Every structure is written in C-alpha cells, then in structure tokens.
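**Q** The letter at position 45 of the sequence shown is residue 44 when you use numbering that gives the first Met the number 0, and the numbering goes up by one with no holes.
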Amino acid sequence: MLALFAVTVSMLLAQHASAVWQYVHRDFSGRYAIYGGYPGETTPPVAGDTKAAFTLTGAAARDMFNAIGPDLKDACPDSQVRVRNRETLSCRYHPADGYHCDFGFDLSTGLSIAGSASAAICTSSPASKDGKK
C-alpha cells in the first residue's frame, strides 16, 4: 500500500512539473554581425578569421539574464546598469534600455567567443540610441 502511495505521489509530482515547464522554442529579437579580428578591433572577415557576434534583447535576454545571476559588483560606473557574466556570455540590464545579452562564435573553429568588447557592456546599445530596441 505504501509503495502504491509513493508511486502515485511521484506520478502527480512529475505531471505537475511537466505542466509548469515545457521545452518550447520561442521567437526572439536581436542583431548579429559577421566580422574578422576581435570585438572592438574588427576587420573584414576572411577564410580562417570569420566570427559572428550576437546581441539578444527582450524576453530572451531577460530569461538568460535571470538564469546566469548574480550581478557583478561594481561592474559599471553607472549603478543602474546591472551586469551578469558566464564565460563568454555577457548580459546587462538598464531600466531605460532593457535587457541585452552578447555572445559570439568563431566560425572558423566553432568555439564560443565574446560577443562584444568588454567596455561596451556598460554602455547603451546602439540600437536603443536610435529608438529601435
């Protein structure tokens, strides 16, 4: 009887967990650039030196930001800018600018690389300056 109860409770918990979360592909907004060289010192891409930088915004960036916490302490001079990093993934939040996450890939090797120059993490995104968040 106890075993039947345990199985029933396990099944109910599993059913509840699957009802709360589902693996779903969602649309996202963002931008990308193909380049050679390094972030902040870009050159035209050539064979053997081709990279892709991505910036995600909106809900996707918010979900990533929330998943990789906590905030870095004193990361930016502007205390309203919140920054979170994991390896080559950098995310930031500013009340006026929203959420942004930057990452990249070296397309010559397939390896993950930074998606922006480190100093750029504390600035507003170029898209937000012209009104296109």
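We put the beta carbon where it would ideally sit given N, CA and C, even for glycine. All values reported here derive from a predicted model rather than from experimental measurement.
1) Taking the alpha-carbon of residue 86 as reference, which of 79, 98 and 110 has the nearest alpha-carbon?
2) Can you find the residues in the same chain that come closer than 7 Å, C-beta to C-beta, to residue 43, ignoring five residues on each side of it along the sequence?
3) Let me know the alpha helix (DSSP H) ranges lying completely inside the segment 28–79, each 4 residues or longer, listed in chain order.
4) Helix, strand or coil: which one does DSSP assign to residue 82?
5) Can you pull the DSSP bridge partners for residue 92?
6) What does a CB cutoff of less than 7 Å around residue 64 pick up in its chain, not counting 5 residues either side in sequence?
7) On a Cα-Cα basis, can you pick out the residue from 38, 23 and 25 that is closest to residue 103?
8) Just grab the DSSP bridge partners of residue 111 for me.
9) Helix, strand or coil for residue 135 per DSSP?
**A** On the basis of the supplied data:
1) As a working mapping, residue 86 is identified with position 87 in the sequence shown. Measuring from the Cα of residue 86, the nearest candidate turns out to be 110.
2) What you label residue 43 is simply residue 44 of the sequence shown in a count that begins at 1. Answer for residue 43: 35, listed in chain order.
3) 57–66
4) Within the sequence shown, residue 82 is the residue found at index 83, counting from 1. If DSSP states are grouped into helix, strand and coil, residue 82 belongs with the strands.
5) Here residue 92 refers to the residue found at position 93 when the sequence shown is read from its first residue. Answer is 81 and 98.
6) Numbered from 1 along the sequence shown, position 65 holds the residue referred to as residue 64. If we look at residue 64 and ignore the five residues flanking it on each side, its Cβ neighbours are 83, 90, 92, 98 and 100.
7) The sequence position of residue 103 within the sequence shown is 104, counting from 1. Of the listed residues, the one whose Cα sits closest to residue 103 is 38.
8) As a position in the sequence shown, residue 111 is number 112, starting the count at 1. The partner list for residue 111 (beta bridge, DSSP) reads 104.
9) Because the chain is modelled from 0 through 132, residue 135 falls outside the range shown and cannot be assessed.
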